[in-house]
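>
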Amino acid sequence: MHNENITARPIQKILFGSPGTGKSYKVREIATNSLGIKWHEQTKSLENTIKTVFHPEYTYADFVGKLLPQTIGSSVIYKFYQGHFLRALGLAYKHLVNNSNENVLLVIDELNRGNAAAIFGPIFQLLDRETDNWSTYDVNLSELEIVALLGSMGYDAQTTDKNIQVDGSNFDVFCKMTKMNLEMSNNQDGLRVLENLTSQRISIPRNLSIIATINTSDESIYYLDSAFKRRWDWEYVDVPGYGIEKIKDIAIEGRDEKWVSFVNKLNDFIKVNHHLIRRIEDKQIGVWFLKSEDNQVTKESIENKLMFYLWDSVFPRDRRPLEDLLSKVDKQSIKLITYSDFIALSDDFIDAIISCEWLTF
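UniProt numbering numbers the first residue of the sequence shown as 1 and each following residue consecutively.
1. Closer than 8 Å is the cut-off here; do at least three beta carbon pairs connect the segment 47-58 with the segment 266-278?
2. Is the beta carbon of V237 closer than 7 Å to that of L15?
3. Thinking just about the alpha-carbon of each residue, which of N112, F228, T160 and Q82 is nearest to the one in E57?
4. Here's a check: name, in chain order, each residue in its chain whose Cβ is nearer than 8 Å to the Cβ of K335, leaving out the five neighbours to either side.
5. Take the Cβ of W134 as the centre, count every other Cβ of all protein chains shown within 10 Å, and call the residue buried at 16 or more, exposed below.
6. Return the chain-ordered list of same chain residues with a C-beta closer than 8 Å to the C-beta of N170, the five sequence neighbours on each side being excluded.
7. Shortest alpha-carbon distance to R63 belongs to which of F54, T71, G243 and Q70?
8. Would you check if the segment 253-262 and the segment 304-312 touch, i.e. whether three or more CB-CB distances between them fall below 8 Å?
9. Indicate the three-state DSSP secondary structure (helix, strand or coil) for N186 in the structure shown.
10. Out of T198, V107, S203 and V104, state which residue places its alpha-carbon closest to the alpha-carbon of E130.
11. Taking 8 Å as the cut-off, does the segment 177-191 touch the segment 136-146 (at least 3 CB pairs, one atom from each stretch)?
12. Please determine, among T71, Y25 and Y78, the residue with the shortest C-alpha to C-alpha distance to D109.
13. Just verifying my parser: in three-state terms, what is the DSSP assignment at Q125?
14. Assign L67 to buried or exposed, taking buried as 16 or more other Cβ atoms, counted over all protein chains shown, within 10 Å of its Cβ.
15. By the three-class DSSP mapping on this structure, what secondary structure does D233 have?
16. I think T21 touches W232, with their Cβ atoms under 8 Å apart; what is that distance to the nearest whole Å?
17. If you scan the segment 25-59 from start to end, which runs of the beta strand (DSSP E) of 3 or more residues do you find wholly inside it?
18. On the criterion of 16 or more Cβ atoms from any shown chain inside 10 Å, does K94 qualify as buried, or is it exposed?
19. Touch check for the segment 75-88 and the segment 177-187: three-plus C-beta pairs under 8 Å?
20. Taking the alpha-carbon of I343 as reference, which of L326, I123 and Q332 has the nearest alpha-carbon?
21. For P321, is the classification buried or exposed, using 16 other Cβ atoms within 10 angstroms of its Cβ as the cut-off for buried?
22. Between the alpha carbons of R201 and E41, how many angstroms are there, rounded?
23. Going along the chain, which unbroken runs of the alpha helix (DSSP H) with 4 or more residues stay wholly within the segment 245-272?
24. Do S18 and I285 come within 7 Å of each other at the CB atom, strictly closer than that value?
25. Are L86 and S152 close, meaning C-beta to C-beta below 7 Å?
26. By Cβ distance, which residues of its chain are closer than 8 Å to K132, with the 5 residues on each side in sequence left out?
27. Rounded to a whole number of angstroms, what is the C-alpha to C-alpha distance between D256 and V314?
28. Ignoring anything shorter than 4 residues or poking outside the segment 142-220, list the alpha helix (DSSP H) runs there in chain order.
29. Have a look at G121, Y155 and L127 and flag the residue whose alpha-carbon is nearest the alpha-carbon of D141.
30. DSSP on K305, reduced to helix/strand/coil?
31. Out of curiosity, what's the CA-to-CA distance linking V107 and I210?
32. Are there 16 or more other CB atoms within 10 angstroms of the CB of G254, so buried, or fewer, so exposed?
33. Less than 6 Å between C-beta atoms, sequence neighbours within five positions excluded: which residues of the same chain meet that for A352?
34. Please name the residue or residues paired with S135 in a DSSP beta bridge.
35. Quick check on Q12: buried or exposed, where buried means 16 or more other Cβ atoms within 10 Å of its Cβ?
36. Smallest Cα separation from D318: which of V147, L149, R278 and I354?
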């Protein structure tokens, strides 16, 4: 009998869009509404969810698992540590074997900042799914990886000179007893998991979803090839962003202007200057670009993050749009040589965006 949390099909999706568009909030909504995964407000975390962030130094070993030295007294031993994928897979397998059938979610933030093809390695093959929502293919794991996977499932597993020990029993005895229990309960998914374990293979089960996010404004170090892209559903999160109702009352410090309105006007200013901006869609911002304090967005955060983003990423080669905007407010010619010149005029910049001075360019 399947738990009602199991969806018709697992989610395998990449959310992409400009920075601050609320992709993390979108992940939360998908998890709670489509996968039946609980959100814990006190800990600000999703149940049954493993999260990781890709970066240039992140590797297959971080994703699946790696052997690391551990000092105990005067001795050094080596211990295999589960990676984020193996932890998520083990949690999903555990729910199937226990017949709870709860959905599990693996979240990968900033997918394009790491070498995704190398990080996934052979796991890439598992992204293809059959009509039963399990992987079309399976891949082999080493004995150490299988032991780590069993650990992720909640078992006390370790290797010996002769075989694998699980909860104090030889691996074959453990498998035999587990199979009997699964057959008695007619747990077909659990039997499939056990078959994978006994043959030291893995496949992604129907209750494991993967959602990745991409900030399109980031200058990707690594290219996502078309074969990798085809394995995912893609959803664009447009500006000004997702979850606006949560921050609709946030204002600019010292002003009556609402932050959401300011972001919309700023994006219009960016679009007006599209002829000077490469990849205009990637350079706009969402309402979550800056965090509020005491129900307002501070001038300091605008100077230190927003204005720097405009200076460094939106208008890095041609400052004329910023100079023209400020010249319009100050009624004199403004020349911006350094970033300090720009933030020295932060009040004028904020007022110019609010008053839409740029519409008269």
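Glycine is no exception: its CB is placed at the ideal position from the N, C-alpha and C atoms. Just so we're clear, the structure is a prediction, and the values are computed from it rather than from any experiment.
Looking at the atomic coordinates:
1. Segments in contact, no.
2. Start at 1 with the first residue of the sequence shown, and residue 15 comes out as number 15. Start at 1 with the first residue of the sequence shown, and residue 237 comes out as number 237. Yes; because the gap between Cβ atoms is below 7 Å, this pair is in contact.
3. Looking up residue 57 in the sequence shown gives position 57. Comparing Cα positions, the closest option is N112.
4. Looking up residue 335 in the sequence shown gives position 335. If we look at K335 and ignore the five residues flanking it on each side, its Cβ neighbours are E323 and D341.
5. As a first step, residue 134 must be located in the sequence shown, where it is residue number 134. So W134 counts as buried.
6. On the sequence shown, position 170 is the one that residue 170 refers to. If we look at N170 and ignore the five residues flanking it on each side, its Cβ neighbours are N163 and I164.
7. The sequence position of residue 63 within the sequence shown is 63, counting from 1. The identity of residue 63 in the sequence shown is Phe, whereas the question assumes Arg. For the residues F54, T71, G243 and Q70, the minimum Cα distance to F63 belongs to F54.
8. A contact is defined here as three or more CB-CB pairs under 8 Å, and the segment 304-312 fails this definition with respect to the segment 253-262.
9. Position 186 of the sequence shown holds residue 186. Residue state, collapsed to three classes: coil.
10. Counting from one through the sequence shown, the residue named residue 130 turns up at place 130. Measuring from the Cα of E130, the nearest candidate turns out to be S203.
11. Verdict: no, contact absent.
12. Here residue 109 is taken as the residue at index 109 of the sequence shown, counted from 1. Measuring from the Cα of D109, the nearest candidate turns out to be Y25.
13. By 1-based counting over the sequence shown, the position of residue 125 is 125. DSSP, read as helix, strand or coil, puts Q125 in helix.
14. On the sequence shown, residue 67 is found 67 positions in, with the first residue counted as 1. Answer is exposed; the Cβ neighbour count stays below 16.
15. If you number the sequence shown from 1, residue 233 lands on position 233. Three-state result, D233: strand.
16. To locate residue 21, count along the sequence shown from 1; it is residue 21. To locate residue 232, count along the sequence shown from 1; it is residue 232. A Cβ-Cβ distance of about 18 Å is found for the pair T21 and W232, leaving them out of contact under the 8 Å criterion.
17. Those beta strand (DSSP E) runs which fall completely within the segment 25-59 and span 3+ residues are 49-53.
18. On the sequence shown, position 94 is the one that residue 94 refers to. A residue is called buried once 16 or more other Cβ atoms fall within 10 Å of its Cβ, and K94 is buried on that count.
19. Fewer than three beta-carbon pairs drawn from the segment 75-88 and the segment 177-187 are found closer than 8 Å, and the two stretches are therefore not classed as touching.
20. Within the sequence shown, numbered from 1, the residue matching residue 343 stands at position 343. Residue L326 is the option with its Cα nearest to I343.
21. Stepping through the sequence shown from its first residue, residue 321 is reached at position 321. P321 should be labelled buried.
22. Your numbering for residue 201 matches position 201 in the sequence shown. Your numbering for residue 41 matches position 41 in the sequence shown. R201 and E41 have their C-alpha atoms roughly 37 Å apart.
23. The DSSP assignment places 259-272 as complete runs of the alpha helix (DSSP H) inside the segment 245-272, in order along the chain (cut-off: 4 residues).
24. Along the sequence shown, one-based indexing puts residue 285 at 285. Along the sequence shown, one-based indexing puts residue 18 at 18. Result yes, Cβ atoms of I285 and S18 sit closer than 7 Å.
25. Here residue 86 is taken as the residue at index 86 of the sequence shown, counted from 1. Here residue 152 is taken as the residue at index 152 of the sequence shown, counted from 1. S152 sits close to L86, with the two beta carbons spaced by under 7 Å.
26. Counted from its first residue, the sequence shown places residue 132 at position 132. Per the sequence shown, the amino acid found at residue 132 is Asp instead of Lys. Cβ neighbours of D132 beyond the five flanking positions: R206.
27. As a first step, residue 256 must be located in the sequence shown, where it is residue number 256. As a first step, residue 314 must be located in the sequence shown, where it is residue number 314. Each residue's Cα considered, the two are about 26 Å apart.
28. Segments of the alpha helix (DSSP H) lying fully in the segment 142-220: 143-152, 171-184 and 188-198.
29. On the sequence shown, position 141 is the one that residue 141 refers to. Here the sequence assigns Leu to residue 141, which means Asp is not the residue at that position. Closest in C-alpha terms to L141, from the list G121, Y155 and L127, comes G121.
30. As a working mapping, residue 305 is identified with position 305 in the sequence shown. In the structure shown, K305 sits in a helix (DSSP, three-state: H, G or I).
31. Walking along the sequence shown from the start, residue 107 turns up at place 107. Walking along the sequence shown from the start, residue 210 turns up at place 210. CA-to-CA, the gap between V107 and I210 works out to about 6 Å.
32. As a first step, residue 254 must be located in the sequence shown, where it is residue number 254. The residue is exposed, with fewer than 16 neighbouring Cβ atoms inside 10 Å.
33. Residue mapping note: residue 352 aligns to position 352 of the sequence shown, counting from 1. Answer for A352: L325 and V329, listed in chain order.
34. Within the sequence shown, residue 135 is the residue found at index 135, counting from 1. Beta-bridge annotation (DSSP): S135 is paired with R129.
35. Sequence index remark: in the sequence shown, residue 12 carries index 12 (1-based). By the neighbour-count definition (other C-beta atoms within 10 Å, threshold 16), Q12 is a buried residue.
36. The residue you call residue 318 lines up with position 318 of the sequence shown. Per the Cα distances, R278.
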